[in-house]
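Under full-length UniProt numbering, read the sequence shown as residues 1 to 219, first letter to last.
This report concerns only the one structure given below.
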Amino acid sequence: MNLQKIKYFLVGVLGSITVRVLFSTMNIKEIPAGYSQNLERQGKYAIYAFWHAHMLLPAFVGRNRNVKVLISQHRDGEYIAQVVRRLGYGVARGSTTRGGAKALLRMIKQIKEESISLAITPDGPKGPRFVAQSGAILLGQKTQYPIIPVMIYLAKYWEFPSWDRFCIPKPFSKARIFYGNPILVPTKLEKFEMEEYRISLENELIKLENEAESIVKHV
Numbered sequence: 001m002n003l004q005k006i007k008y009f010l011v012g013v014l015g016s017i018t019v020r021v022l023f024s025t026m027n028i029k030e031i032p033a034g035y036s037q038n039l040e041r042q043g044k045y046a047i048y049a050f051w052h053a054h055m056l057l058p059a060f061v062g063r064n065r066n067v068k069v070l071i072s073q074h075r076d077g078e079y080i081a082q083v084v085r086r087l088g089y090g091v092a093r094g095s096t097t098r099g100g101a102k103a104l105l106r107m108i109k110q111i112k113e114e115s116i117s118l119a120i121t122p123d124g125p126k127g128p129r130f131v132a133q134s135g136a137i138l139l140g141q142k143t144q145y146p147i148i149p150v151m152i153y154l155a156k157y158w159e160f161p162s163w164d165r166f167c168i169p170k171p172f173s174k175a176r177i178f179y180g181n182p183i184l185v186p187t188k189l190e191k192f193e194m195e196e197y198r199i200s201l202e203n204e205l206i207k208l209e210n211e212a213e214s215i216v217k218h219v
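Encoded structure:
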């Protein structure tokens, strides 16, 4: 085992333990309650879309469910993949913006064959921050899965000086996961319509963030 593989292994083990311990101290609720579990019980699949900065909490809450996380094939993505796998998530390696049509078709085939939902960060893997890319819309179009905007509210957190200002919640703090209105993308789209759906996803995530402050006081 070379040095890089040892680093990946250690980050995966230590990272997953840290995440489990940290989130076990927190007050976490989904709004609506049990949203993703209810979809799974009904045998329905979806594409869950949340900002890259907030991916840590969904990786914990969605563990051991029939969901795969889309993580880039970049070297830094391997660190995240090692942690996520040990939390009980499946991992789909690839990108909706790199590798061209073949990579995208391969990813879609994998999702459909395995009958799974997908978790994706529409502003990842390198930003710009809080700007949705078209990849989530393409996946929604080709799979015909609804895209579910997901907003994460953290009452207290540390913010890293990375491009996405990655957030790690503080122990014993409050966190809420908000699910927005599903976005259904038709199978046939003109280029300008693809952009309209991309903007709709971005706007829905921004709207959820704006609403979170007032809603969270009561839940």
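Ideal Cβ placement from N, Cα and C applies to all residues, glycine included.
From a predicted model like this one, the values you see are computed outputs, not experimental measurements.
By the 10 Å Cβ neighbour count, where 16 or more other Cβ atoms means buried, how is residue i classified, buried or exposed?
i, result
"Phe-172", "exposed"
"Thr-25", "exposed"
"Gln-144", "exposed"
"Pro-161", "exposed"
"Phe-192", "exposed"
"Leu-14", "exposed"
"Arg-198", "buried"
"Arg-176", "buried"
"Val-19", "buried"
"Ala-155", "exposed"
"Gly-34", "exposed"
"Pro-32", "exposed"
"Thr-121", "buried"
"Glu-78", "buried"
"Val-131", "exposed"
"Ser-115", "exposed"
"Ile-17", "exposed"
"Gln-4", "exposed"
"Phe-9", "exposed"
"Gly-140", "buried"
"Gln-133", "buried"
Tell me the DSSP bridge mates of residue i?
i, result
"Lys-68", "Gly-90 and Leu-118"
"Tyr-179", "Val-150"
"Ile-168", "Trp-158"
"Lys-112", "Answer is none; Lys-112 lacks a bridge partner."
"Lys-174", "Asn-27"
Measure the beta-carbon distance from residue i to residue j and round it to whole angstroms, keeping in mind my assumption that it falls under 8 Å.
i, j, result
"Gly-62", "Ala-119", "7 Å"
"Gly-127", "Asp-76", "With a Cβ gap of about 13 Å, Gly-127 and Asp-76 do not count as contacting."
"Pro-58", "Tyr-45", "Not a contact, Cβ separation roughly 16 Å."
"Lys-68", "Val-91", "6 Å"
"Leu-201", "Ile-147", "6 Å"
"Leu-205", "Trp-51", "7 Å"
"Arg-93", "Ile-71", "6 Å"
"Lys-170", "Tyr-157", "6 Å"
Would you say the beta carbon of residue i comes nearer than 7 Å to a heavy atom of the ligand FMN?
i, result
"Ile-47", "Looking at this structure, you won't find the ligand FMN or any other ligand, since it has none at all."
Taking the alpha helix (DSSP H) that residue i falls in, what are its first and last residues?
i, result
"Thr-25", "Neither: Thr-25 is in no alpha helix (DSSP H) and is coded neither H nor E."
"Ile-136", "Per the sequence shown, residue 136 should be read as Ala rather than Ile. First-last of the alpha helix (DSSP H) with Ala-136: 135-143."
"Ser-214", "191-216"
Start-end ranges of the beta strand (DSSP E) lying completely within the segment 27-55, minimum 3 residues: 27-31 and 47-49
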